[in-house]
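K.L.:
In the UniProt record's numbering, the protein residues as written are 1 to 266.
C-beta: ideal position from N, C-alpha, C; glycine also.
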Amino acid sequence: MSRLLAARHETELGSDAAPAFRTPRRAPRLADQLYEEILGQIVAGKLPTGARLPSETRLGAIFGVSRPVIREAISRLQADGLVATRHGAGTFVLRRPGPEFLRLAPIGSIADLMRCCEYRIAVEGEAAALAAERRTPEALAEIEAALAALDRVIERGEVGAEADNRFHVAIAKASQNELFRASLDALSSHIFAGMTVARNLTLGHSRERLLLVQDEHRRIVEAIRAGDAEEARRVMRQHIDNARARMLGDPHGLSPSPADELAQET
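#1: On the three-pair Cβ rule with 8 Å, is the stretch 66-86 touching the stretch 206-225?
#2: Just list the alpha helix (DSSP H) runs in the stretch 211-257, keeping only unbroken ones of 4 residues or longer that don't cross its boundaries, in chain order.
#3: Taking a contact to mean a Cβ-Cβ separation below 8 Å, would you say R96 touches P48 in this structure?
#4: Hey, A149 and A163: beta-carbon distance below 8 Å or not?
#5: Go to T136, then tell me how far its beta strand (DSSP E) extends in each direction, as first and last residue.
#6: Note down, in chain order, each residue of its chain lying with its Cβ closer than 8 Å to the Cβ of L187, except the 5 sequence neighbours on either side.
#7: Give every residue of the same chain whose Cβ lies closer than 6 Å to the Cβ of E142, excluding the five residues on either side of it in the sequence, and list them in chain order.
#8: Tell me G81's beta-bridge partners as DSSP assigns them.
#9: Where does the unbroken alpha helix (DSSP H) through T57 begin, and where does it stop?
#10: Using the three-state DSSP reduction, which class does V69 fall into: helix, strand or coil?
#11: Count the other CB atoms within 10 Å of the CB of T57; is the residue buried (16 or more) or exposed (fewer)?
#12: Can you have a look at R246 and say buried or exposed, based on whether 16 or more other CB atoms are within 10 angstroms of its CB?
#13: I need the boundaries of the beta strand (DSSP E) containing V93, first residue and last residue.
#14: One question on the structure: do F192 and A127 come within less than 8 Å of each other, judged by their Cβ atoms?
#15: Can you have a look at G50 and say buried or exposed, based on whether 16 or more other CB atoms are within 10 angstroms of its CB?
#16: For E72, I'd like the list of residues in its chain whose CB is within less than 6 Å of its CB, leaving aside the five on either flank, ordered along the chain.
#17: With DSSP as the reference, label R29 as helix, strand or coil.
#18: Under the three-state reduction of DSSP, which class applies to A96: helix, strand or coil?
#19: Would you be able to state if there are at least three C-beta pairs under 8 Å between the stretch 124-138 and the stretch 82-90?
#20: For F101, I'd like the list of residues in its chain whose CB is within less than 6 Å of its CB, leaving aside the five on either flank, ordered along the chain.
#21: If you measure from the CB of E162, is any heavy atom of the ligand MN nearer than 7 Å?
#22: Could you pull the start and end residues of the alpha helix (DSSP H) that N165 belongs to?
#23: Under DSSP, the alpha helix (DSSP H) around V181 begins and ends at which residues?
#24: Work out the CA separation of G125 and R233 for me, nearest whole Å.
#25: For the candidate residues S183, R166 and L34, whose alpha-carbon lies nearest to that of H217?
#26: To the nearest whole angstrom, what separates the beta carbons of L113 and N200, a pair I think is in contact under 8 Å?
#27: Considering only the beta carbon of each residue, do S175 and R134 sit closer than 8 Å?
#28: Per the DSSP calculation, R86 is bridged to which residue(s)?
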């Protein structure tokens with residue numbers, strides 16, 4: 001057992017007291033484990049919004065990991081808008097996801113879900129751009145049918161992850177590049193899990209917030225219908241990035257970057 005896992009039963013990042021950590025699960029990489037450990041303590045309030053994370057030296061002493069591992073974990077937290085680093089002052093917590101986030105995306109799977117979002121931003125943005133350039137009347141009809149199915153899901157008050165997935169697959173098919181569809185198929189379990197988490201969290205707040213997500217879908221369809229590849233790429237990338245932000249505590253996923261706001265203060 002690595003010292004990182006063993007330390008979960010011995011040390012709390014926010015104090016020197018021994019914490020009551022959950023039973024650890026093995027993760028494929030130490031950086032993923034540390035990322036999820038810090039995230040878990042943010043959600044639990046042990047590292048509240050505004051708190052400074054322990055120094056790299058302290059984290060290394062607690063978990064017995066190297067500085068490159070620590071820096072990769074912190075970099076991922078920064079990319080997800082959860083922490084930001086002030087030069088010469090340290091790294092501070094910016095946002096606290098709600099406790100329901102860990103119920104829907106338990107420790108052991110969160111790092112994969114977040115990295116899948118990053119990959120989808122790149123892949124599906126290009127798929128949407130190609131769909132705008134290459135869509136046939138039949139492909140456009142399939143995309144619009146998937147959008148209509150999402151409308152019906154919202155009216156019934158359902159989560160609608162399957163309908164959401166159908167929408168994104170229809171756009172990948174419209175690109176007329178089978179590799180885009182194959183990429184979504186290969187990641188189907190991660191993508192479906194991420195959609196389930198994001199839509200559950202959004203629906204849990206209010207139906208109106210789910211309608212905001214549907215407006216994002218509608219803008220994607222409008223760009224594809226208009227043959228505007230640049231706009232299709234932009235709104236698809238924004239939509240997936242917004243979904244990631246909503247999972248991590250920003251209910252709208254449309255607010256200014258916390259890192260940008262913090263940078264303005266320094």
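P.N.:
The short version:
#1: By the Cβ rule, the stretch 66-86 does not count as touching the stretch 206-225, because fewer than three pairs are nearer than 8 Å.
#2: Entirely contained in the stretch 211-257, the alpha helix (DSSP H) runs reaching 4 residues are, in chain order, 229-247.
#3: With contacts defined by Cβ atoms closer than 8 Å, R96 and P48 form a contacting pair.
#4: Yes, Cβ-Cβ distance for A149 and A163 is below 8 Å.
#5: Run containing T136: none; DSSP gives neither H nor E here.
#6: Within the same chain, L187 has close Cβ partners C116, Y119 and R120.
#7: For E142, where only same-chain residues beyond five positions count, the Cβ hits under 6 Å are A170.
#8: In DSSP, G81 forms no bridge with anything.
#9: Segment E56 to F63, the alpha helix (DSSP H) holding T57.
#10: Reduced to three states, the DSSP call for V69 is helix.
#11: Of the residues assessed, T57 falls on the exposed side of the cut-off, its CB having fewer than 16 other CB atoms within 10 angstroms.
#12: Answer is buried; the Cβ neighbour count reaches 16.
#13: For V93, the uninterrupted beta strand (DSSP E) run begins and ends at G90 to V93, by DSSP.
#14: The beta carbons of F192 and A127 sit no closer together than 8 Å.
#15: Around the beta-carbon of G50, fewer than 16 other beta-carbon atoms lie within 10 Å, marking it exposed.
#16: Excluding positions up to five away in sequence, the list reads A31.
#17: Coil, per DSSP.
#18: First, the amino acid is wrong: residue 96 is Arg here, not Ala. Note: R96 maps to coil in three-state DSSP.
#19: With the cut-off at 8 Å, the stretch 82-90 and the stretch 124-138 do not touch.
#20: Result list for F101: empty, nothing under 6 Å.
#21: What this structure holds is no ligand at all, so the ligand MN is not there to describe.
#22: For N165, the enclosing alpha helix (DSSP H) begins and ends at A161 to A174.
#23: According to the sequence displayed, residue 181 carries Arg and not Val. Where R181 is concerned, the enclosing alpha helix (DSSP H) starts and stops at E178 to A186.
#24: For R233 and G125, the distance between alpha carbons rounds to 4 Å.
#25: Nearest option by C-alpha distance: R166.
#26: Actually they do not touch by this definition, with Cβ atoms about 13 Å apart.
#27: Going by C-beta atoms, S175 is nearer than 8 Å to R134.
#28: Bridge partners of R86: G90.
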